[in-house]
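What follows is a single structure, written as C-alpha cells, with notes after it.
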Amino acid sequence: MKRFPRLSTALGGLVALSLALAACAPAATPTAAPQPTQATAATQAPAPTALPQPTAAPQPAFSGTAKITFTQEPDNLNPYYSSMFFSQITTQFWLKGLWSFDDAGNTVPELAAEIPSAANGGVSADGKTVTVKLNPAATWSDGTPVTADDLVFTYDMIMSDQNVVQSRYPYEDYVAGVEARDAQTAVVTFSEPFAAWQTTLFKWVLPKHILQPVFDQEGTIDQAEWNRAPTVGVGPFTFQEWESGSHLSFRANANWIRPPKLEQIFIQIVPDDAAQEAAIIAGDTDIGVFLSSDQIEKLEAGGAVKVVAVPSGYNEAWFLNVNPETAHPAMLDVNVRKAIALATDRFTIVKDLLVESINPVNVNFWDANPPFGNESLEPYPYDPEQAKQLLDAAGWTDSDGDGVRDKNIDGQKVDLKLRYITNERELRKNVQAVVQQQWQLVGIAADLQNYSSDVYWNGYNDGGPQAQGLYDIAEYSSTPNSFPDPDSSDNWLCSTIASADNPDGLNWQGYCNPQMDELLRRQAVTLDAAERIQIYQDIQQLMYDEVIYIGLWNDPDLWSINNRLKNVRLSGASQFWNAHEWEVTP
Amino acid sequence: MTTYLLRRLAQAVPQLFIISVILFALMQGFGDPVATLGARTPPRQEDKERLRRMLGLDQPVHIQYLVWLVGNDWLKLDMDGDGVGETPGQRRGILRGDFGNSLVTRRPVLEMIADRLPNTLLLMLTAEAAIIVLSLSIGIYSALRQYSLIDNLITAASFVGYSMPVFWLALTLMYIFAVNFRRWGLPYLPTVGMFDPAVGRTPAELIRHMILPVATLTIISTAGYSRFVRSSMLEVLNQDYIRTARAKGLSRSRAIWGHAVQNAALPFITIIGLDLPFLLAGAVVTERIFAWPGMGRLFIDHTQRSDYPVLMGILMLIAAAVVVFQIITDVVYSFLDPRIRLD
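If you read the protein sequences in the order shown, they are chains U and H. The first sequence maps to residues 29 to 614 in our numbering. The second sequence maps to residues 1173 to 1515 in our numbering.
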C-alpha cells in the first residue's frame, strides 16, 4: 500500500523519460547533419572575390527533386578514398572528371576542352605523353576556375605517402609525372605507353584551393572535412548534405557549364532489397539499382516504372581452377574442362532462371566491353554425348558403377567430384542445383559449397576459398579492370598466382601460360586501336581453347526509372553523365 | 550505498578490460578489412599491401590491441613502405578517449556513433515506451480475466506475434500500409526513410515515418512481454497475502492495484532494466528494412567490411552500458523492494 506510489512513480518516470527523450531527439537530429554553411567555413574556402559572379547571367529556373535509392551507403565522398560503386557514381552529379562516357560509349568532354588524340596533338607519337587542355569556362562551384594545378595537385595527393587513398591505379604503374604547362594545359607523362588512359586518367579532379591548406596543416587529407561534406565541387549539382545512414542531397549548380533543370537530387540509403522494391512500386523513389531479372515483371506491373539494362562490363561466369597444387587432378586436363562446358546446359539455365533478352549466354570475359569482345566465338554448345566421349578418352570412366566417373591415379582411385563454390546469393544456389543434376547425366559429381561474400573474397592469408584454391569451379560476376576500355592484366599472369609466398596475388585460378603473359603485356602498351582489339581477340581465343573461363550469362546492371523522371540516359561507365538534362513532371 | 556503488564501479574496470581483450581477439576472425574495400571486384595486389601497411593492419595482433588501447603517438609509422618508420602516430587510444578511426570511412569512430545514436534512441525509446505500456496493460488485463474469451484471443495473438519473423512482419506492414493502401486510394504511410524530401524534415513527417518501424518493434516485443506480465501477475494473485487483503475487507481493485500489481511488476523491471542498454545497439532488421539510420545498421554495415575499430567502439559502448544499467537496476530494485539491502 505504502510502496505503490513509489512503483508507479518509478514506472511512470521511466515512461515519461522515454517519451521526453524521444520527443527531444527529432529536434536534435537535424543539427547532427552537416550544415553546408558550417562545412564551407570548416574547409576555409577562400571567397572568390576577383571572379565574375554568376549573377550577370539570367538565373535558370530549377525545379523538382529526383529521388534515388542506393542499397549501400557510400563510405566516403572523396572518390579516391572509396572503391564503392555507390560512392563513385555520385560523382557524376558533383565532381566531374576530364570527360565522361555517354550511353553509347562515346566520350563527352567535361573539364577538358576536347578529348586528346593524335590528330589534335594531345597524344604524342610514342604514346608516352598526353596533353590535356582544360575548358576555360569550367569553374568550381564557388566560382574558382579549374586549372592544370588542380590536376597536378590531384596526382600529388594520390601518390603522397601521407594519404591513405584506396588505389594508386594507374598512376603508380604507368604515370611518370604530371605538370602544368600553363593554367589550362596539363601534360601527363607515362613511363611506358599506356593504352587504357582514357578510361582511367583523372576520372576526378580535387580542388587544390580547398584541400591544399588542409594538407599543409594536417599533413594528410585523410580526415579533410571536404571528404564528407564536399561543399565545393564541379558538376551540374553541388553537395547539400549527408546524414549518415539516411540520405545524401545535392542541389542545382548554376555555375556549371551545362546547368541542370532539376533543383535537387535526393539519394536515400535503403539497404534491404525487398524494401527497395516496395519503395519503387510505391513511387517513393524514382531510380533504383542492383535489381534482379525476376523483379522486372513486378516492378513494371503498375505501368509507372521502366527497368533498363545497362552493361557495365560484368558477366556471370565460371572461373576454373587449373593450379596443379590445389585443383582436382581432372581440372588440369583441357579435355575434361571442355567436357564440363559441354555437359552444362547454360541455355536452359538462362531461359528458366533469368531473362534471355537481357542475360544471353556469355562467351568471353570482354563481351560487355565492346568492341573488345570476340564475336567470332560461339558459346560451347550443350552436348552431353560429346562430353561423355571426351571424359572416356581422358580416362575418366565409371569403373565401380556408382554413377560417378573415376580414374586410377598413382594406384589410388579418384572420383570425378568437383568443388563448385560461390557466395550465398539465391540465384547462384539455384544454378548450382540445376548444374549438379545436369552433370549427373555425364557422371560428374558436384560438391556444392557456399560462402558469405566477405569470406568468399578474403585473401590468401585470411583463408579465402578462391585465393587458397579450395575449389575447382568458382562462380561470380566479374569485369575487366576498367570500363568501357579494358585493362586486365592481373588475373591471368604467371607472376600473380596467389600462394603463401605471394598472398596478395590476384591470379586465383593458378593459370600460367607464357603466351598469355605476352598477350596481356602487349595489350597494355599497344596504342593502335585496331591492333589492340586484335590482341584481345587472341587473348579470348586462347582462353576459349584452354577452357579456363566458362561464361554463364551477360550481367548488365538493372536500373528502375519512374516515368515521372524524364531524359534519363544511364551509361555503364559514367552512370549519371546526363543528369543536367533530367526533368521531372509535376 | 556509496560504498556499494564504488565497489561495483571498481569491479567494472577489470570487467571491461577483459571484455575488450576477448572482443579484440574475436575481431581477428572477421576477415581482412582490405579484402574487397566494398568494391565489386577485389583491389589490386599493390594497393592491398600498401593499405595494410598504412592502416597498421600488418602489425601483430598484440601491437594492434596496444595501439587501440593506448594509442600510437609514441611510435613512428612506416607510411612510405621503406621498412623504416618516419611518420609520428596520431592515435591516443581508447584509454585517452580516442576510439580510433574507421578503416572504411577514415572518420573518428565516436563521431560516427554520435551520428547514429539519436536516431536509434528516438526509434527504440518510443518503441520501448509503447512496449512497456502495452505489455503491462495487456498482461494485467488478461491475468485478471484468465481463460475468458478475450484472454484466450490475446493468448493466441501473442503466440502469433511472438513467432513471427521480424523481417516478414516489417515487409508485410510495409506492403499493406505503404504500397497497397496507396494503390487503393486510402490514406497511406511512407515505405522507407525518415522524411520525404519534397516536404522536408518536419516533426509530422518524422512521426509518419516512425509509425511502421515502431509498430513492428512493438508487436514483436509486446507479444512476449505481455505473457511475462500475465504469468507473474497470476502468480501473485494466487498468493496468500492477496487473499488476506481481500478477507480483511479490502476492495478487489485496491487489492489488485495496491498489492498485486507492484509485486508482479518487480521482475518485469529487472527485464526492462537489462533491456535498456541494448536499446543503444538498435534494431538491426527493422532499421535495415525501413532504412532507419540507426546503430544496428552501422554495426552490420561495418561487420561486412571487417571494420574492427567501429565494431569495437559500438561493442565497448554497449558493454559499458550493460555494466552501468545492471548497477542502476540493482539500485532501483532495492528502492522498490525493501527486502533487498545493498550494504
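Glycine is no exception: its CB is placed at the ideal position from the N, C-alpha and C atoms. None of the values given here were measured: they were computed from a predicted structure.
Rounded C-alpha distance that separates residue i from residue j
| i | j | result |
| --- | --- | --- |
| Asp532 of chain U | Ile1441 of chain H | 53 Å |
| Ser169 of chain U | Gln460 of chain U | 51 Å |
| Glu271 of chain U | Ser404 of chain U | 50 Å |
| Met1336 of chain H | Gly1396 of chain H | 11 Å |
| Gln292 of chain U | Phe1367 of chain H | 15 Å |
| Val470 of chain U | Ala358 of chain U | 15 Å |
| Trp1464 of chain H | Tyr1347 of chain H | 17 Å |
| Lys124 of chain U | Asn255 of chain U | 15 Å |
| Arg550 of chain U | Leu360 of chain U | 27 Å |
| Ser111 of chain U | Phe121 of chain U | 17 Å |
| Ile1499 of chain H | Leu586 of chain U | 53 Å |
| Ala1419 of chain H | Asp1502 of chain H | 34 Å |
| Val616 of chain U | Ala252 of chain U | The structure shown has nothing for residue 616 of chain U, since chain U only spans 29 to 614. |
| Asp131 of chain U | Ser340 of chain U | 10 Å |
| Thr83 of chain U | Leu1345 of chain H | Caution applies to Thr83 of chain U, whose pLDDT of 46 falls short of 50 and renders its modelled position unreliable; the model cannot decide the point. |
| Thr59 of chain U | Asn458 of chain U | Any reading at Thr59 of chain U needs caution, since the residue's pLDDT is 35, under 50, leaving its predicted position unreliable; the model's value is listed next. Going from the Cα of Thr59 of chain U to the Cα of Asn458 of chain U covers about 47 Å. |
| Leu1297 of chain H | Arg1513 of chain H | 30 Å |
Below-8 Å beta-carbon distance, residue i vs any chain U residue
| i | result |
| --- | --- |
| Ser1478 of chain H | yes |
| Glu1407 of chain H | no |
| Gln1187 of chain H | no |
| Lys1248 of chain H | no |
| Phe1462 of chain H | yes |
| Ile1209 of chain H | Going by the sequence as given, residue 1209 of chain H is Leu instead of Ile. So yes, Leu1209 of chain H belongs to the interface. |
| Asp1287 of chain H | yes |
| Ala1432 of chain H | no |
| Lys1220 of chain H | yes |
Selection from the options that minimises the alpha carbon distance to residue i
| i | options | result |
| --- | --- | --- |
| Pro102 of chain U | U:Gln565, U:Gln477 and U:Pro299 | U:Pro299 |
| Val160 of chain U | U:Ala214, U:Lys441 and U:Glu220 | U:Ala214 |
| Val216 of chain U | U:Ala224, U:Ala204 and U:Thr227 | U:Ala204 |
| Thr228 of chain U | U:Pro514, U:Trp605 and U:Met571 | U:Pro514 |
| Leu1293 of chain H | H:Val1482, H:Ala1493 and H:Leu1452 | H:Leu1452 |
| Phe129 of chain U | U:Pro512, U:Lys289 and U:Asn519 | U:Pro512 |
| Ser599 of chain U | U:Trp127, U:Gly133 and U:Trp536 | U:Gly133 |
| Gly401 of chain U | U:Ile386, U:Gly247, U:Gly423 and U:Tyr342 | U:Tyr342 |
| Leu234 of chain U | U:Val193, U:Glu200 and U:Val612 | U:Val193 |
| His237 of chain U | U:Asp250, U:Ser219 and U:Gly261 | U:Gly261 |
| Phe604 of chain U | U:Lys95, U:Phe90 and U:Thr119 | U:Thr119 |
| Ala422 of chain U | U:Tyr410, U:Pro409, U:Asp428 and U:Asn436 | U:Asn436 |
| Leu419 of chain U | U:Gln268, U:Ala474 and U:Arg433 | U:Arg433 |
| Ala153 of chain U | U:Met187, U:Thr97 and U:Phe218 | U:Phe218 |
| Thr376 of chain U | U:Asp250, U:Tyr410, U:Ala94 and U:Phe278 | U:Tyr410 |
| Arg1225 of chain H | U:Ile578, U:Gln190 and U:Tyr484 | U:Gln190 |
| Phe1196 of chain H | H:Val1233, H:Thr1208 and H:Leu1358 | H:Val1233 |
Cβ-heavy atom distance, residue i to the ligand ADP, below 7 Å
| i | result |
| --- | --- |
| Glu269 of chain U | No copy of the ligand ADP appears in this structure; indeed no ligand is present at all. |
Residue-chain proximity (residue i, chain H), Cβ-Cβ < 8 Å
| i | result |
| --- | --- |
| Pro288 of chain U | no |
| Thr83 of chain U | Unreliable placement is indicated for Thr83 of chain U, whose pLDDT of 46 sits below 50; the coordinate value is still reported in the next sentence. Chain H, which has no Cβ nearer than 8 Å to the Cβ of Thr83 of chain U, makes this no. |
| Asp294 of chain U | Note on identity: in this sequence residue 294 of chain U is Phe, with Asp being the wrong assignment. Yes, because at least one Cβ of chain H sits closer than 8 Å to the Cβ of Phe294 of chain U. |
| Trp581 of chain U | no |
| Ala271 of chain U | Per the sequence shown, the amino acid found at residue 271 of chain U is Glu instead of Ala. Answer yes: the Cβ-Cβ gap between Glu271 of chain U and chain H drops below 8 Å somewhere. |
| Glu611 of chain U | no |
| Lys95 of chain U | yes |
Distance CB(residue i)-CB(residue j) smaller than 8 Å
| i | j | result |
| --- | --- | --- |
| Leu1446 of chain H | Phe1497 of chain H | yes |
| Ala141 of chain U | Ala176 of chain U | no |
| Leu139 of chain U | Asn163 of chain U | yes |
| Ile1285 of chain H | Ile1414 of chain H | no |
| Val333 of chain U | Leu327 of chain U | yes |
| Ala1432 of chain H | Val1401 of chain H | no |
| Pro399 of chain U | Ile449 of chain U | no |
| Pro388 of chain U | Trp581 of chain U | yes |
| Thr99 of chain U | Asp314 of chain U | no |
Check your understanding: Residue ranges of each alpha helix (DSSP H) run of no fewer than 4 residues wholly in the stretch 517-562 of chain U, ordered along the chain?
Key -> Complete alpha helix (DSSP H) runs here, min 4: 542-553.
**Study point:** Whole beta strand (DSSP E) elements within the stretch 123-160 of chain U, 3-residue minimum
**Key:** The DSSP assignment places 127-129 and 135-137 as complete runs of the beta strand (DSSP E) inside the stretch 123-160 of chain U, in order along the chain (cut-off: 3 residues).
Check your understanding: In chain order, what residues of the stretch 1360-1380 of chain H put their CB closer than 7 Å to some CB of chain A?
Key -> Absent from the structure is chain A; the protein chains it does hold are U and H.
**Study point:** Minimum length 4: unbroken alpha helix (DSSP H) runs contained in the stretch 1396-1446 of chain H
**Key:** 1412-1419
Review point. Which runs of the beta strand (DSSP E), 3 residues or longer, sit entirely within the stretch 322-362 of chain U?
Key: Look at the stretch 322-362 of chain U and you find these whole runs of beta strand (DSSP E), each 3 residues long or longer: 333-338 and 343-348.
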